[in-house]
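Student: I'd like to ask you about the structure that follows.
Chains as they are written, first to last, in the numbering used here: chain L, 1 to 604; chain U, 1 to 199.
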């Protein structure tokens, strides 16, 4: 046994490595990203960034069919994108162990939305889910998941939350098991061909129904495992009110118990399906239970159903019926839940806290997107156009002070949504603003769809040559993948091949960008503007810039303190001091974009 | 034994280096340690709270519960104010007084409070603590990036959990050798600033 300080993501990667994982595929997404990076550092493991999570899951799925242990890694939004494959591989089952990492972000600390992927993976796809309460347990669950996945022939999912992925602690870990599995693809069409095929030997039953039954029958074995799983246990305590901690909810419950100062009856749960007999034996002498889980009332509803089926009279309180329904839980959240439940009171209403000036997201100083956002803003101010946004660093352009994009939904939605606005009859120009990594993730098909349907939109690709927001991962247009140098794909050439009219500009050149955007807008059909400039944060440190750095100065004779540079542009390096603009020299990266912002020419 | 430290700052101020130096020292001393960061979506320039939990028993939650922290190091006063309620009643704070305005306060969408307003509000909590200008000291020593080292030096005065020299040596082991002289000076300056206030 070895012990080392590790972050949750490293512990998960380590566990997979110990189990002989051979193929790991993912798409970057906080908080799961570093799992793939760690796996890539093991020479025996093939790791890749797929262009999206569905493809990552498909790669891992096929590796499993080829008798190699594999892992698919994504955040919750990614699991949504992969849901179609999820709803097929659940019915086929797998060969070699396959673990799906689906990281949730309670509170949406680093996400567009707050959602619970246990609903997709367990309630919808009927697959088993492990919900870790600590980094150590995330490690142990990942290891167990490989064995169990093979035993039950099913994908096993691990659903860590941000507080597991990004927490560091001492992890006790084991040795790497030799992987003697030979790659071998055994054809079994009765399992791996999902289609409305007539099954002769089943009296003409259709295969979708047969595979559905197969999956339902698997639940018996999974439930039996849950009863004996080390990830579920009961702790004795005082009183007739029991407390159930699921995943990280257990960690907060134990913390709250310590503050509360009395041993409470506690049921720790880490598996779906539930250990039903264990739950029934825990609630036997209780009048009430309170369930703490992230994020939806998944366990709560299952326990209500279990009590109903078994004619157990029990008050079941949780996020559906008692606790706040939204947001991240914490030790104080749980403590309030314990105290109010014991006092027989409602959960205290949350007091709105006093607003302390927030530190909002914006473009970095020197960021190429700021020039592009500013130029687009100028163009739509003149023509009354609307901009549909997408996911990526540029989405900060929707906040103060630029306030450009009118929508942010999910990966790639900007292009079909722009098309939708136009076909609904909106008579002013419509734009989609999308990043390069997102374009390859889910933008290609949307672009094809709009061109195919005679769209009349302008698609702007903010081409900064990296997946910047999640920590600079490569993508098909960067000229490298996780392992090798490759021929980069040119988004402009792809759009041209699809039939779009393609334009080019450098995002740092505001005048050029405005001119090109205006020209493109005037053309009929689907236009694609490739706004190309390297990400300053990634490439600046390598000395690669898409602008000629200059020493930017304020001419205090000319500056009249109108503050337009701050109010409309918002570079963090510019402030107004004593009614004059001031450039913070240590913050300024000399991109010079602000020069074109000042109408009086005071920025030089 | 249980000791909870939180470090409130702005992304780029060196929260993580400071929290890891303390975490690693505690591990060397044989304690169990859990460490994580609470961050908003903002990366550079965003609000960051580092949690370092040290115990000779089991640590369950990776986050320090509200009102349970023993020490709050505020690398920036607004961030210290944001997280002041993390401290327990007998906890202590050390707050750097140099302010970093927010984007929205630059845009006049928000008003960044004055240092006096923030001090008054923090002191109204009835918690003991110290205000030092760590950024000014770091600038005097030649690099504003030494702010976190000055703060770490100040922290070493008020903790008896880990010897000051162990923290300094751990920090030095984590940075390039060319920075060692400046780091030693910054660490000692932090100690002096605090000792001067404790007299």
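A virtual CB, placed ideally from N, CA and C, is assigned to each residue, including glycine.
When you compare the region 506 to 521 of chain L with the region 436 to 444 of chain L, are there three or more beta-carbon pairs, one atom per stretch, that lie closer than 8 Å?
Tutor: Touching, no.
Student: Looking at chain U, is there any beta carbon in it that lies within less than 7 Å of the beta carbon of residue 166 of chain L?
Tutor: Yes - at least one Cβ of chain U is within 7 Å of the one on residue 166 of chain L.
Student: May I ask you to list the residues that DSSP assigns as paired with residue 92 of chain U?
Tutor: Residue 92 of chain U is bridged to U/71 and U/128.
Student: Near residue 51 of chain L, which residues of its chain fall below 8 Å by C-beta distance, leaving aside the five closest residues on each side in sequence?
Tutor: Counting only Cβ-Cβ distances below 8 Å, and skipping sequence neighbours, we find 27, 440, 441, 475 and 476.
Student: Kindly identify the DSSP beta-bridge partner or partners of residue 479 of chain L.
Tutor: DSSP lists no partner for residue 479 of chain L.
Student: Output needed for residue 240 of chain U: all residues of its chain with C-beta closer than 7 Å, excluding positions within five of it in sequence on either side, in chain order.
Tutor: Here chain U covers residues 1 to 199 and nothing more, so residue 240 of chain U does not appear.
Student: Measure the beta-carbon distance from residue 8 of chain L to residue 138 of chain L and round it to whole angstroms, keeping in mind my assumption that it falls under 8 Å.
Tutor: At roughly 5 Å, the Cβ-Cβ gap stays under 8 Å, so residue 8 of chain L and residue 138 of chain L are in contact.
Student: To the nearest whole angstrom, what separates the beta carbons of residue 17 of chain L and residue 36 of chain L, a pair I think is in contact under 8 Å?
Tutor: No, residue 17 of chain L and residue 36 of chain L are not in contact; Cβ-Cβ is about 12 Å, not under 8 Å.
Student: Less than 7 Å separating the beta-carbons of residue 69 of chain U and residue 152 of chain U?
Tutor: No. Outside cutoff.
Student: Name the DSSP beta bridge partners of residue 508 of chain L, please?
Tutor: Its beta-bridge partners do not exist; DSSP assigns none.
Student: Check this for me: beta carbons of residue 404 of chain L and residue 379 of chain L, under 7 Å apart or not?
Tutor: No, they are not a contact pair.
Student: How would you list, in chain order, the residues of chain U whose beta-carbon sits under 8 Å from the beta-carbon of residue 169 of chain L?
Tutor: Residues of chain U passing the Cβ test: 32, 33, 34, 35, 59 and 62.
Student: Buried or exposed for residue 355 of chain L, please, with buried defined as at least 16 other CB atoms from any protein chain shown within 10 angstroms of its CB.
Tutor: Exposed, since its Cβ has fewer than 16 Cβ neighbours within 10 Å.
Student: Counting only C-beta atoms, is residue 163 of chain L closer than 7 Å to chain U at any point?
Tutor: Chain U contact via Cβ: present.
Student: In the structure shown, what three-state DSSP assignment does residue 471 of chain L receive?
Tutor: Three-state result, residue 471 of chain L: coil.
Student: I'd like the list of long-range same chain contacts for residue 12 of chain L, defined as Cβ closer than 6 Å, with 5 residues on each side in sequence excluded.
Tutor: Result list for residue 12 of chain L: 35, 138 and 142, in chain order.
Student: Work out the CA separation of residue 563 of chain L and residue 602 of chain L for me, nearest whole Å.
Tutor: Cα-Cα distance, rounded: 11 Å.
Student: Closer than 8 Å, Cβ to Cβ, to anything on chain L: give me those residues from the region 100 to 133 of chain U, in chain order.
Tutor: Of all residues in the region 100 to 133 of chain U, 101, 102, 103, 104, 105, 106, 107, 108, 109, 110, 111, 112 and 113 have a Cβ within less than 8 Å of some Cβ in chain L.
Student: State the start and end residues of the unbroken beta strand (DSSP E) segment that holds residue 4 of chain U.
Tutor: Start and end: 2 to 10.
Student: What are the boundary residues of the beta strand (DSSP E) that residue 242 of chain L is part of?
Tutor: Here the beta strand (DSSP E) through residue 242 of chain L covers 241 to 246.
Student: By Cβ distance below 7 Å, which residues in the same chain neighbour residue 135 of chain U in space, the five residues on each side in sequence not counted?
Tutor: Within the same chain, residue 135 of chain U has close Cβ partners 96, 98, 144 and 147.
Student: Considering only C-alpha positions, which residue in the set U/165, U/177 and U/27 is nearest to residue 187 of chain U?
Tutor: Closest by alpha carbon: U/165.
Student: Taking Cβ positions only, does residue 77 of chain U come closer than 7 Å to chain L?
Tutor: Answer no: the Cβ-Cβ gap between residue 77 of chain U and chain L never drops below 7 Å.
Student: Report the residue ranges of all beta strand (DSSP E) runs contained in full by the region 205 to 243 of chain L; include only those spanning at least 3 residues, in chain order.
Tutor: Listed in chain order, they are 233 to 235.
Student: Grouping DSSP H, G and I as helix and E and B as strand, with all else coil, what is residue 187 of chain U?
Tutor: The answer is helix: DSSP assigns residue 187 of chain U an H, G or I state.
Student: Starting from the C-beta of residue 444 of chain L, find all residues in its chain whose C-beta is less than 6 Å away, skip the five residues before and the five after it, and write them out in chain order.
Tutor: Cβ neighbours of residue 444 of chain L beyond the five flanking positions: none.
Student: Contact defined as beta carbons within less than 8 Å: I believe residue 162 of chain L pairs with residue 125 of chain L. What is the distance between those atoms, to the nearest angstrom?
Tutor: Actually they are not in contact, since the Cβ atoms of residue 162 of chain L and residue 125 of chain L sit about 23 Å apart, beyond 8 Å.
Student: Helix or strand or just coil, what does DSSP make of residue 95 of chain L?
Tutor: Residue state, collapsed to three classes: coil.
Student: Residues in the region 180 to 197 of chain U with C-beta within 8 Å of chain L's C-beta atoms, listed in sequence order?
Tutor: If the cut-off is 8 Å between Cβ atoms, the region 180 to 197 of chain U has nothing near chain L.
Student: Pick helix, strand or coil for residue 536 of chain L, following the three-state DSSP scheme.
Tutor: Helix, per DSSP.
Student: Reducing DSSP to helix, strand and coil, say where residue 606 of chain L ends up.
Tutor: Here chain L covers residues 1 to 604 and nothing more, so residue 606 of chain L does not appear.
Student: What first and last residue would you give for the alpha helix (DSSP H) that runs through residue 136 of chain U?
Tutor: That run of the alpha helix (DSSP H) goes 134 to 140.
Student: Given this structure, state the Cα-to-Cα distance separating residue 48 of chain U from residue 9 of chain U, to the nearest angstrom.
Tutor: Distance between the alpha carbons of residue 48 of chain U and residue 9 of chain U: 5 Å.
Student: Could you compute how far the alpha carbon of residue 222 of chain L sits from the alpha carbon of residue 30 of chain L?
Tutor: So the alpha carbons of these two residues sit roughly 30 Å apart.
Student: Just reading off the beta strand (DSSP E) that residue 266 of chain L is part of, what are its end residues?
Tutor: Element bounds for residue 266 of chain L: 266 to 269.
Student: Just the chain L side, please: which residues come within less than 9 Å of residue 163 of chain U by C-beta, in chain order?
Tutor: Per Cβ cutoff of 9 Å: no residues; residue 163 of chain U is ~20 Å from chain L at best.
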